[in-house]
Amino acid sequence: MIEISGLRKTYRSRKRAVVAVDGVDLSVGEGEVYGVLGQSGAGKSTLLRCVNMLERPDEGTVTVDGRDLTKLRRGDLRIARQGIGMIHQHFALLSSRTVAGNVAFALEVTGTPRAERRTRVAELLELVGLGERADAYPAQLSGGQKQRVGIARALAARPKVLLSDEATSALDPETTESILRLLLDLNKRLGLTVLLITHEMTVVKRICTSAAVMRDGRFVESGTITDLLKRPGSELARDLFPLGLRDTGGTPETAAVGDGVAADKDGRSVAGDKDGRSVAGGGDGRSAASDRTGETIVDITVSGADADEPIIADLARQFGVDVRILGGSVETLATTRAGRWRLALPGTRDDNAAALDYLRKRGVTA
Amino acid sequence: MTWSEVFELLEVGLQETAWMVLVSTLLTLVGGLLVGVLLVLTDKGGLLPLRPLNAVLGLIVNVGRSLPFIILLVAVIPFTRAIVGTTIGTDAAIVPLTIGAIPFFARIVESALREVPADVVAAATAMGATRTQIVGKVLLRESLPGLVAGLTITVIALVGYSAMAGVVGGGGLGDLAIRYGYQRFETDMMIATVVALIVFVQLVQMVGDLLVRRLSHR
Ligand SMILES: Nc1ncnc2c1ncn2[C@@H]1O[C@H](COP(=O)(O)OP(=O)(O)OP(=O)(O)O)[C@@H](O)[C@H]1O
Ligand SMILES: [Mg+2]
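Protein chains in written order, with the working numbering: chain A, 1 to 366; chain B, 367 to 584.
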């Protein structure tokens with residue numbers, strides 16, 4: 001749905017030039033939710049603004065729904081933009097219009113007749129849960145409510161693509177959660193393709209099917225969440241699953257992962273997680289093992305239905321080993337449910353060959 | 367001079383002042399909005415960047431702003447005669463008043479429009495709005511309270527200018543104050559015109575403030 005290749009954007013001032021986006025390739029399939037993470041100044045907003053040509057890229061192409069936007073003339077670009085909704089970090093609402101008026105604006109732009117506008121606005125405000133505040137002005141709303149108006153407005157013209165720049169960064173965790181649930185719901189019901197920017201790992205965990213990490217204008221890591229989990233040394237996987245290690249009893253995380261042997265297991269089909277979301281190929285696992293004095297440290301990553309199984313308890317029971325859990329977490333992701341732990345098994349790697357073998361068989365590799 | 371004579375003169379003076387201010391305000395509104403909007407649109411990074419036009423407009427406005435009104439009044443006399451056919455009377459005064467107020471109001475319009483946050487304009491652009499829609503429904507509509515406040519200031523400045531126009535035969539309250547109060551030492555007349563001017567300005571300011579409060583939803 002969104003294809004970006006070789007995108008480059010440089011901001012020039014008299015003194016210096018800032019390369020904000022430095023050769024980004026990106027592909028977001030229809031119905032995907034793609035998250036871009038990165039630190040402040042990494043070029044995330046610039047990238048997003050290049051997708052609907054709010055910023056003209058210096059190089060590269062941006063194709064949305066089969067049209068190369070960099071080559072469109074002004075009039076055609078306007079029409080193309082009407083099919084791309086955008087949520088702005090600072091809401092960007094019209095202060096002189098009511099909530100309903102703000103949503104109606106997007107429909108006035110597309111030339112929707114007045115009567116139809118009214119019903120559509122009511123429908124959208126219902127959708128974002130603001131039906132009662134239709135006549136309020138933005139100044140009378142809370143941040144979360146303003147963001148909902150922004151979402152309703154972005155969806156008014158029935159776009160196929162939604163761009164979101166830090167839609168939840170100004171909000172508290174509960175409001176964030178309700179907005180994420182709304183986005184996820186829209187994505188599922190309308191098949192909306194979403195390209196979102198965030199600096200919150202929670203957002204990626206909750207709704208993204210794919211993600212990328214941006215640094216200094218480049219993607220340093222990208223892929224589907226399931227692929228990222230399988231990738232050894234993936235920073236994103238590590239951040240998605242903080243092992244929560246303290247100084248006590250833990251070897252440096254990077255060492256364990258680096259020393260580790262990683263392999264993929266065949267994807268196992270999973271019917272659905274507890275959210276009732278259907279998952280294509282889950283059950284991927286990854287682990288890393290390393291020897292330490294008298295102990296074998298194992299990192300295991302389990303996703304899909306396995307995450308809910310008592311793997312560690314089974315391990316202890318079957319092999320009679322005193323498994324120590326050094327750290328770990330279980331998370332519900334948008335596409336799957338997954339857990340990641342670091343375990344300490346007594347003895348050397350050879351002593352634990354059978355146990356490691358067992359883990360591998362259970363959908364975890366060591 | 368009796369009080370009834372004073373009031374009679376005052377009534378005529380007020381009417382003349384009101385007329386001059388009203389007509390020149392309407393003309394200034396149109397001219398100032400046009401120039402102000404163009405200044406914003408044609409600026410670099412604007413919706414219609416046209417550096418030469420922007421530079422020329424900016425220059426004209428600056429020249430207009432830097433001339434003291436009393437000088438402008440005299441300087442445009444040939445132009446006034448060409449348009450109105452005379453250089454005396456309220457209609458003739460309207461020409462320099464308008465020429466003096468347009469640059470003043472244009473700058474106010476420009477700064478009011480610049481107050482509209484860039485991301486609001488970007489949001490409208492991202493929705494696929496035309497430039498006309500952005501100017502009308504975003505820039506002008508969003509800055510309406512600021513524009514009304516600016517217009518109030520302009521009207522009050524015009525009341526002041528119109529008094530000066532009275533000096534060169536424009537009529538109105540200023541004319542009365544000069545002819546009777548200053549030249550003939552009619553203190554009653556002087557006091558009456560001063561009070562009338564104060565009341566007039568107060569009224570304009572009150573109406574302006576009320577409108578701004580009604581329009582503003584920030
Ligand atoms: N209009 C501009 N003019 C000049 N430089 C700019 C402009 N916009 C962005 N930049 C620069 O480009 C770089 C990337 O900015 P961008 O806004 O894309 O970062 P970001 O990843 O969105 O950061 P944040 O998380 O803080 O929003 C920064 O170094 C910034 O200073
Ligand atoms: Mg940003």
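From the three backbone atoms N, C-alpha and C, an ideal C-beta is built for every residue, glycine too.
If you're wondering where the values come from, they're calculated on a predicted model, not measured in any experiment.
On the premise that residue j lies in contact with residue i, defined as a C-beta separation below 8 Å, what is that separation, rounded to the nearest angstrom?
i                      : j                      : result
residue 514 of chain B : residue 578 of chain B : 5 Å
residue 403 of chain B : residue 475 of chain B : 7 Å
residue 147 of chain A : residue 179 of chain A : 6 Å
residue 217 of chain A : residue 21 of chain A  : 5 Å
residue 225 of chain A : residue 163 of chain A : With 8 Å as the limit, residue 225 of chain A and residue 163 of chain A do not qualify as a contact, their Cβ atoms being about 20 Å apart.
residue 9 of chain A   : residue 46 of chain A  : 5 Å
residue 170 of chain A : residue 129 of chain A : With 8 Å as the limit, residue 170 of chain A and residue 129 of chain A do not qualify as a contact, their Cβ atoms being about 18 Å apart.
residue 502 of chain B : residue 81 of chain A  : The Cβ separation is near 18 Å, so there is no contact.
residue 31 of chain A  : residue 187 of chain A : 7 Å
residue 517 of chain B : residue 379 of chain B : At roughly 24 Å, the Cβ-Cβ gap does not stay under 8 Å, so residue 517 of chain B and residue 379 of chain B are not in contact.
residue 465 of chain B : residue 442 of chain B : 6 Å
residue 468 of chain B : residue 401 of chain B : 6 Å
residue 139 of chain A : residue 106 of chain A : At roughly 20 Å, the Cβ-Cβ gap does not stay under 8 Å, so residue 139 of chain A and residue 106 of chain A are not in contact.
Rounded to whole angstroms, what is the Cα-Cα separation between residue i and residue j?
i                      : j                      : result
residue 95 of chain A  : residue 415 of chain B : 26 Å
residue 183 of chain A : residue 161 of chain A : 12 Å
residue 470 of chain B : residue 521 of chain B : 11 Å
residue 376 of chain B : residue 438 of chain B : 27 Å
residue 356 of chain A : residue 222 of chain A : 29 Å
residue 480 of chain B : residue 406 of chain B : 7 Å
residue 79 of chain A  : residue 66 of chain A  : 14 Å
residue 488 of chain B : residue 544 of chain B : 53 Å
residue 555 of chain B : residue 372 of chain B : 6 Å
residue 35 of chain A  : residue 510 of chain B : 39 Å
residue 397 of chain B : residue 472 of chain B : 8 Å
residue 300 of chain A : residue 236 of chain A : 16 Å
residue 423 of chain B : residue 482 of chain B : 21 Å
residue 204 of chain A : residue 325 of chain A : 26 Å
residue 446 of chain B : residue 388 of chain B : 18 Å
residue 572 of chain B : residue 12 of chain A  : 48 Å
residue 457 of chain B : residue 584 of chain B : 40 Å
residue 316 of chain A : residue 323 of chain A : 6 Å
residue 42 of chain A  : residue 59 of chain A  : 18 Å
residue 347 of chain A : residue 234 of chain A : 28 Å
residue 33 of chain A  : residue 176 of chain A : 16 Å
residue 127 of chain A : residue 152 of chain A : 8 Å
residue 345 of chain A : residue 200 of chain A : 34 Å
residue 321 of chain A : residue 231 of chain A : 28 Å
residue 57 of chain A  : residue 154 of chain A : 23 Å
Just to confirm my understanding: we take residue i, look at its own chain, exclude 5 residues before and 5 after, and list those with CB closer than 6 Å. What are they?
i                      : result
residue 89 of chain A  : 165 and 166
residue 248 of chain A : Caution applies to residue 248 of chain A, whose pLDDT of 39 falls short of 50 and renders its modelled position unreliable; the value that the coordinates give is listed next. None.
residue 261 of chain A : Because the pLDDT at residue 261 of chain A is just 33, under 50, the model does not fix this residue reliably, and the value given afterwards should be weighed accordingly. So no residue of the chain qualifies.
residue 558 of chain B : 372 and 376
residue 547 of chain B : 555 and 556
residue 48 of chain A  : 163, 165 and 197
Tell me which residues share the same chain as residue i and place their Cβ nearer than 7 Å to its Cβ, disregarding the 5 neighbours each side in the sequence.
i                      : result
residue 463 of chain B : 386, 390, 524, 527, 528 and 531
residue 134 of chain A : 98, 99, 100 and 125
residue 44 of chain A  : 36, 38, 197 and 214
residue 266 of chain A : Because residue 266 of chain A carries a pLDDT of 33, less than 50, the predicted location of this residue cannot be relied on, and the following value inherits that uncertainty. The answer is none, since no qualifying residue turns up.
residue 136 of chain A : 98 and 99
residue 507 of chain B : none
residue 582 of chain B : 511
Using a Cβ-Cβ cut-off of 8 Å (strictly less than) and excluding sequence neighbours within five positions of residue i, which residues of its own chain qualify?
i                      : result
residue 62 of chain A  : 2, 3, 4, 7, 50, 51, 53, 68, 69 and 70
residue 150 of chain A : 87, 88, 91, 92, 93 and 167
residue 500 of chain B : 413, 487, 490 and 491
At the 8 Å Cβ level, is residue i part of the contact set with chain C, yes or no?
i                      : result
residue 417 of chain B : The structure shown contains no chain C; the protein chains it does contain are A and B.
Quiz item: If you measure beta-carbon to beta-carbon, which residues of the stretch 132-155 of chain A are closer than 9 Å to chain B?
Solution: 137, 138, 139, 140, 150, 153 and 154
Quiz item: Which full runs of the beta strand (DSSP E) of 3+ residues lie inside the stretch 524-558 of chain B, going along the chain?
Solution: none
Exercise. Could you please tell me which residues of the stretch 491-509 of chain B, in chain order, have their CB closer than 8 Å to any CB of chain A?
Key: 491, 492, 493, 494, 495, 496, 499, 503, 504, 507 and 508
Quiz item: Just by C-beta distance, which residues in the stretch 89-103 of chain A are closer than 7 Å to chain B?
Solution: 90, 92, 94, 95 and 96
Quiz prompt | the stretch 475-488 of chain B: positions lying closer than 8 Å to chain A by Cβ | solution = 483, 485, 486 and 488
Self-check item: Ordered list of beta strand (DSSP E) runs contained in the stretch 57-81 of chain A, each at least 3 residues
Solution: 59-64
Quiz item: Which ranges does the alpha helix (DSSP H) cover as unbroken runs of at least 4 residues, wholly within the stretch 159-214 of chain A, from first to last along the chain?
Solution: 173-190 and 201-207
Practice problem: Check distances from the C-beta atoms of the stretch 187-198 of chain A to those of chain B and list, in chain order, the residues that come in under 8 Å. | Solution: none
Practice problem: Check each residue of the stretch 65-82 of chain A: if its Cβ is closer than 7 Å to any Cβ of chain B, include it; give the result in chain order. | Solution: 78, 79, 81 and 82
Practice problem: With a floor of 4 residues, list each alpha helix (DSSP H) that falls wholly inside the stretch 8-59 of chain A, ordered by position along the chain. | Solution: 44-51
Quiz item: Looking at chain A, which residues of the stretch 537-553 of chain B have a Cβ within less than 8 Å of any of its Cβ atoms?
Solution: none
Quiz item: Using Cβ-Cβ distances below 9 Å, what residues of the stretch 165-180 of chain A are close to chain B?
Solution: none
Quiz item: Which residues, in order along the stretch 556-583 of chain B, keep a beta-carbon less than 8 Å from a beta-carbon of chain A?
Solution: 581 and 583
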